[in-house]
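S.K.: Each step along the sequence shown adds one to the number in our numbering, with nothing skipped, and position 5 is 10.
Heads up, the beta-carbon is just placed ideally off N, CA and C, and yes, glycines get one too.
Nothing here was measured: the structure is a model prediction, and the numbers come from that model.
Please find one structure pasted underneath; my questions will follow.
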Amino acid sequence: VQLQAFGGGLVQPGGSLTLSCAASGIIFSIYTMGWYRQAPGKQRELVAAITGGGSTNYADSAKGRFTISRDNAKNTVNLQMNSLRPEDTAVYYCNAKKSLYNAFGQGTQVTVSS
């Protein structure tokens, strides 16, 4: 499987970013796709996930600010992030999961700073 993430960058507090992940090598529609993040000195944590049928799950810190979506025809998953805070600064990783299979792509850096 290949998971290629795009869209990270530097944004001011209160700003928005959209992360995208393109997947290949899997039957995309049957995988739960997610976004994780890891800040310096902290463990990797789930930000949001979406099943093949479109059910979503968000970390408490992401609820109301972030929206995860997927396009099964294009094998892509997006994370729309609004009202960004300095504490959202982290490397964000795309994830594909099904049963015991759990894969991460390379990360993309998101920095929220004025």
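Using only the alpha-carbon positions, how far apart do ARG90 and GLU50 sit?
M.R.: What you label residue 90 is simply residue 85 of the sequence shown in a count that begins at 1. What you label residue 50 is simply residue 45 of the sequence shown in a count that begins at 1. When rounded, the distance between both Cα atoms is 16 angstroms.
S.K.: What is the residue span of the beta strand (DSSP E) that ALA64 lies within?
M.R.: Residue mapping note: residue 64 aligns to position 59 of the sequence shown, counting from 1. No beta strand (DSSP E) contains ALA64, which DSSP labels as neither H nor E.
S.K.: If you drop the 5 nearest sequence neighbours on each side, which residues of the same chain put their C-beta closer than 6 angstroms to that of THR72?
M.R.: Position 67 of the sequence shown, counted from the start, is the residue given in the question as residue 72. Only GLN85 meet the Cβ criterion.
S.K.: Whose C-alpha, out of LEU105, THR94, TYR41 and ILE35, is nearest the C-alpha of SER25?
M.R.: Here residue 25 refers to the residue found at position 20 of the sequence shown. Considering only alpha carbons, the answer is TYR41.
S.K.: Measuring CA to CA, which of ASN100, THR113 and LEU8 is closest to GLY30?
M.R.: As a first step, residue 30 must be located in the sequence shown, where it is residue number 25. Check the Cα spacing between GLY30 and each of ASN100, THR113 and LEU8: the tightest is with LEU8.
S.K.: How many Å lie between ALA53 and SER118 at the Cα?
M.R.: Along the sequence shown, one-based indexing puts residue 53 at 48. Along the sequence shown, one-based indexing puts residue 118 at 113. One C-alpha to the other measures close to 22 angstroms.
S.K.: Quick check on SER34: does DSSP put it in helix, strand or coil?
M.R.: Translated into positions along the sequence shown, residue 34 becomes position 29. SER34: helix per DSSP, three-state reduction.
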